[in-house]
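Novice: Per the numbering used here, the sequence shown starts with residue 5, numbered consecutively.
We treat Cβ as the ideally placed atom computed from N, Cα and C, and that holds for glycine.
Because the structure is a prediction, the values reported are computed rather than measured.
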Amino acid sequence: MNADFLITNIGQLVVVPPGAGPKRGREMRDLGIVRDAVLAARDGVVVAVGPRDEVMPGVTLCPGASVVDAGGRLVGPGFVDAHTHLVFAGWRHEEYAMRSEGRSYLEIAEQGGGILSTVRATRNATLEELEARSREFLDLMLASGTTTAETKSGYGLTFEDEVKQLEVVRRLKEHHPVSLVSTFLGAHAVPEEYKGQREAYVGSVIGMLPEIRRLNLAEFVDVFCDAGAFTVPETERILRAAGDLGFGLKVHADELEWTGATELACRMGATSCDHLLRVSDEGMDMLARRPLGDESTATHTVAVLLPATSVFLGKTRGAPARALIDRGAPVALGTDFNPGTCTALSMPLVMTLACSVLHMSPEEAFTAATLNAAWAVGLGDRVGSLERGYEADIVVFDACDYREIPYRFGWNPVSRVYKKGREVWSKRPVVED
Ligand code: NIG
Ligand code: FE
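1) For the beta strand (DSSP E) containing H256, name the first residue and the last one.
2) Considering I242, what are the terminal residues of the alpha helix (DSSP H) in which it resides?
3) Where DSSP assigns a beta bridge to A336, which residues make up the other side?
4) Can you round the beta-carbon distance between V399 and V418 to whole angstroms, since I take them to be within the 8 Å contact cut?
5) In terms of residues, what are the limits of the alpha helix (DSSP H) holding C270?
6) Once DSSP output is grouped into helix, strand and coil, what is the label at H89?
7) Can you tell which of V79, L310, R46 and G62 has its C-alpha closest to the C-alpha of A403?
8) Given a cut-off of 8 Å on the beta-carbon distance, is the pair W262 and P26 in contact?
9) Run through DSSP, which three-state label would N128 get?
10) Expressed to the nearest angstrom, what Euclidean distance is found between the alpha-carbon atoms of D47 and Y205?
11) Pull up the CB-CB distance for L142 and V182, whole angstroms please, since I reckon it's below 8 Å.
12) What does a CB cutoff of less than 8 Å around M232 pick up in its chain, not counting 5 residues either side in sequence?
13) Looking only at its chain, what residues have a beta carbon closer than 6 Å to the beta carbon of G338, apart from the 5 residues adjacent to it on each side?
14) If we call anything under 8 Å between Cβ atoms a contact, is W415 one with A147?
15) Which first and last residues belong to the alpha helix (DSSP H) in which K177 is found?
16) For G480 versus V315, is the C-beta spacing smaller than 8 Å?
17) Are there 16 or more other CB atoms within 10 angstroms of the CB of Q169, so buried, or fewer, so exposed?
18) Could you tell me which uninterrupted alpha helix (DSSP H) segments, each at least 4 residues in length, are contained entirely in the stretch 39-90, listed from first to last along the chain?
19) For H97, is the beta carbon positioned less than 7 Å from some heavy atom of ligand 1?
20) Heavy atom of ligand 1 less than 7 Å from the Cβ of G118, yes or no?
21) At the level of alpha carbons, what is the spacing between A264 and G344?
22) Hey, is the stretch 294-306 in contact with the stretch 316-325, meaning 3+ C-beta pairs nearer than 8 Å?
23) To which residues of the same chain is K423 closer than 6 Å at the C-beta, ignoring the five residues directly before and after it?
24) Of all the options E105, A274, P237 and D248, which has the alpha carbon lying nearest to the alpha carbon of V255?
25) Within the continuous beta strand (DSSP E) that includes Y422, where are the two ends?
26) Give every residue of the same chain whose Cβ lies closer than 8 Å to the Cβ of A348, excluding the five residues on either side of it in the sequence, and list them in chain order.
27) Could you name the residues of the same chain whose beta carbon sits closer than 6 Å to that of G117, not counting the 5 residues immediately before and after it, in chain order?
28) For my contact list, A93 and A129 are in at a C-beta cut-off of 8 Å; report their separation, rounded to the angstrom.
29) If you measure from the CB of D8, is any heavy atom of ligand 2 nearer than 7 Å?
30) Under 8 Å, with one C-beta from each stretch per pair, do the stretch 24-38 and the stretch 69-77 reach the 3-pair mark?
31) CB-CB under 7 Å to G247, same chain, minus the five flanking residues each way: which ones, in chain order?
32) Expressed to the nearest angstrom, what Euclidean distance is found between the alpha-carbon atoms of M364 and V283?
33) Rounded to whole angstroms, what is the Cα-Cα separation between V194 and T155?
34) Using 7 Å as the cut-off, classify the Cβ of D85 as near or not near the heavy atoms of ligand 2, replying yes or no.
35) Would you call the CB atoms of L43 and V185 closer than 8 Å?
36) I need the straight-line Cα distance from S350 to E164, nearest angstrom please.
Below, the structure written as structure tokens:
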């Protein structure tokens, strides 16, 4: 087996063994842990992985291969952040202060704050300004171990301003080591100029879809289907038009109130539905149902949970992760990084909240932050695992045991990050000798 990249001396390796679809129920606890392991890659893809004594005899290093000594540390797949809003201008610390005094997210939004205040700032920013800022955010995500992230538009709400955001994502896809999956979220809010004309705005969003498709600017279309946002019938119209054009589908579902958005997402074969704080029993059952036919090609609607958002909004109870997992729904995690409801961009922090607030186990949180998140963004056959054939997106942690990652609350436990077998981030010592 020829390899151009080798990591030796791995104390504990988290493989996250893949299956035909996202992991459900008890499967989410199987991390495929290997002790005293090595991992070899070629052309950015894992070619051999397992216990040193078994793997090393079969590995031949190409001339110039890079060899990394992990020093007995924990090594795992790069994190996949299944839900972010990376491209925006401005911050909303004034609203955060107002919320701390008891004002609600919806109340602030109804008075022209919330999403619409970020829309104003984002419309006023140039593409270059947005790109520079988003790049900085992405650098911070990478430093926290994220190697793949989904990200949405939704702070433009005119064709030109939505394209400006998606164009930033396209540029970052070309120039940044973090792989990005792009989602069009024109249906994030009804913009000020369409006040009182919801129907017309829904029509305008549907009208943007063919051109977004033609320009190849997004893989997914998402709708914020909730109280104060879009209704279930409006969401269905938009998603139907998007599905007909070949977009993958996502829904911001049942976050603030139950609306039936999860049921709709499952019925329409969405790739994910996200938030789910108020999901119904029926919605959970639909998520738990395994699709009929070939598992690897069937649609699994993944439940993407965003516990940093509910914590940041001051909610003591998050999404019903236990009930979802115990019923057999595939659960993934994301940060939801955005200026309004979650300013955190660290997946290790999200894993802590998943364990402490949502009562997921560290094993479930690891699967949800890697392989299941990859399925939630349509990449579950390529990233999120370190099995042979998967991309060599690898994190070397300053830790020895995978349970340290959620346990060390608020730390950055990442030592080095490799993207397709190339070092892209390293925690360098402050004093070098
Ligand atoms: O996922 N829920 C809708 N969208 C974002 C919030 C965006 C904002 O407040 O700017 C979310 O939480
Ligand atoms: Fe969101």
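Specialist: A quick look at the data gives this:
1) As a position in the sequence shown, residue 256 is number 252, starting the count at 1. Segment G252 to A257, the beta strand (DSSP E) holding H256.
2) Residue mapping note: residue 242 aligns to position 238 of the sequence shown, counting from 1. It spans V236 to D248 - the alpha helix (DSSP H) in which I242 sits, taken as one unbroken run.
3) Numbered from 1 along the sequence shown, position 332 holds the residue referred to as residue 336. Its beta-bridge partners are V308.
4) On the sequence shown, position 395 is the one that residue 399 refers to. On the sequence shown, position 414 is the one that residue 418 refers to. About 6 Å separates the two Cβ atoms, so the contact holds.
5) Start at 1 with the first residue of the sequence shown, and residue 270 comes out as number 266. Run containing C270: A265 to R271, per the alpha helix (DSSP H) assignment.
6) The residue given as residue 89 occupies position 85 in the sequence shown. DSSP places H89 in coil when its eight states are reduced to three.
7) The residue given as residue 403 occupies position 399 in the sequence shown. Nearest of V79, L310, R46 and G62 to A403, Cα basis: V79.
8) Residue mapping note: residue 262 aligns to position 258 of the sequence shown, counting from 1. Residue mapping note: residue 26 aligns to position 22 of the sequence shown, counting from 1. For W262 and P26, no; Cβs fall outside 8 Å.
9) Counting from one through the sequence shown, the residue named residue 128 turns up at place 124. N128: helix per DSSP, three-state reduction.
10) What you label residue 47 is simply residue 43 of the sequence shown in a count that begins at 1. What you label residue 205 is simply residue 201 of the sequence shown in a count that begins at 1. Roughly 46 Å separates the two Cα atoms.
11) Taking the first residue of the sequence shown as 1, we reach residue 142 at position 138. Taking the first residue of the sequence shown as 1, we reach residue 182 at position 178. So it is a contact: roughly 5 Å between Cβ atoms.
12) Position 228 of the sequence shown, counted from the first residue, corresponds to residue 232. Met is not the amino acid found at residue 232; the sequence shown has Gly there. Result list for G232: L110, A113, E114 and L260, in chain order.
13) Position 334 of the sequence shown holds residue 338. Closer than 6 Å at Cβ, skipping near neighbours: D85, A86, H87, V308 and L310.
14) In the sequence shown, counting from the first residue as 1, residue 415 sits at position 411. In the sequence shown, counting from the first residue as 1, residue 147 sits at position 143. For W415 and A147, no; Cβs fall outside 8 Å.
15) For the purposes of this step, residue 177 is identified with residue 173 of the sequence shown, where counting begins at 1. That run of the alpha helix (DSSP H) goes F163 to H179.
16) Because the chain spans 5 through 437 in this model, residue 480 falls outside it and cannot be assessed.
17) As a position in the sequence shown, residue 169 is number 165, starting the count at 1. It counts as buried.
18) 56-59
19) On the sequence shown, position 93 is the one that residue 97 refers to. No, the beta carbon of H97 sits no closer than 7 Å to any heavy atom of ligand 1.
20) Within the sequence shown, numbered from 1, the residue matching residue 118 stands at position 114. Indeed, a heavy atom of ligand 1 lies less than 7 Å from the Cβ.
21) Here residue 264 is taken as the residue at index 260 of the sequence shown, counted from 1. Here residue 344 is taken as the residue at index 340 of the sequence shown, counted from 1. It is Gly, not Ala, that sits at residue 264 in the sequence shown. Their backbone Cα atoms lie some 24 Å apart in a straight line.
22) no
23) Reading the sequence shown from its first residue, position 419 is the one you call residue 423. Around K423: T151, P181 and D397.
24) Taking the first residue of the sequence shown as position 1, residue 255 is located at position 251. Of the listed residues, the one whose Cα sits closest to V255 is A274.
25) Mapped onto the sequence shown, residue 422 falls at position 418. Segment V418 to K423, the beta strand (DSSP E) holding Y422.
26) Residue mapping note: residue 348 aligns to position 344 of the sequence shown, counting from 1. Same-chain partners within the cutoff: A312, F316, T339, F341 and V354.
27) Translated into the one-based positions of the sequence shown, residue 117 becomes position 113. Result list for G117: E99, in chain order.
28) One-based indexing of the sequence shown puts residue 93 at position 89. One-based indexing of the sequence shown puts residue 129 at position 125. Confirmed, Cβ separation roughly 4 Å.
29) Within the sequence shown, the letter at position 4 stands for residue 8. The answer is no for D8.
30) no
31) If you number the sequence shown from 1, residue 247 lands on position 243. Excluding positions up to five away in sequence, the list reads L253 and M272.
32) The residue you call residue 364 lines up with position 360 of the sequence shown. The residue you call residue 283 lines up with position 279 of the sequence shown. Their Cα atoms are separated by approximately 17 Å.
33) Here residue 194 refers to the residue found at position 190 of the sequence shown. Here residue 155 refers to the residue found at position 151 of the sequence shown. Going from the Cα of V194 to the Cα of T155 covers about 20 Å.
34) By one-based count along the sequence shown, residue 85 stands at place 81. D85: no, Cβ never under 7 Å from ligand 2.
35) Residue mapping note: residue 43 aligns to position 39 of the sequence shown, counting from 1. Residue mapping note: residue 185 aligns to position 181 of the sequence shown, counting from 1. No, they are not a contact pair.
36) Taking the first residue of the sequence shown as position 1, residue 350 is located at position 346. Taking the first residue of the sequence shown as position 1, residue 164 is located at position 160. Using only the alpha carbons, I get a separation of about 31 Å.
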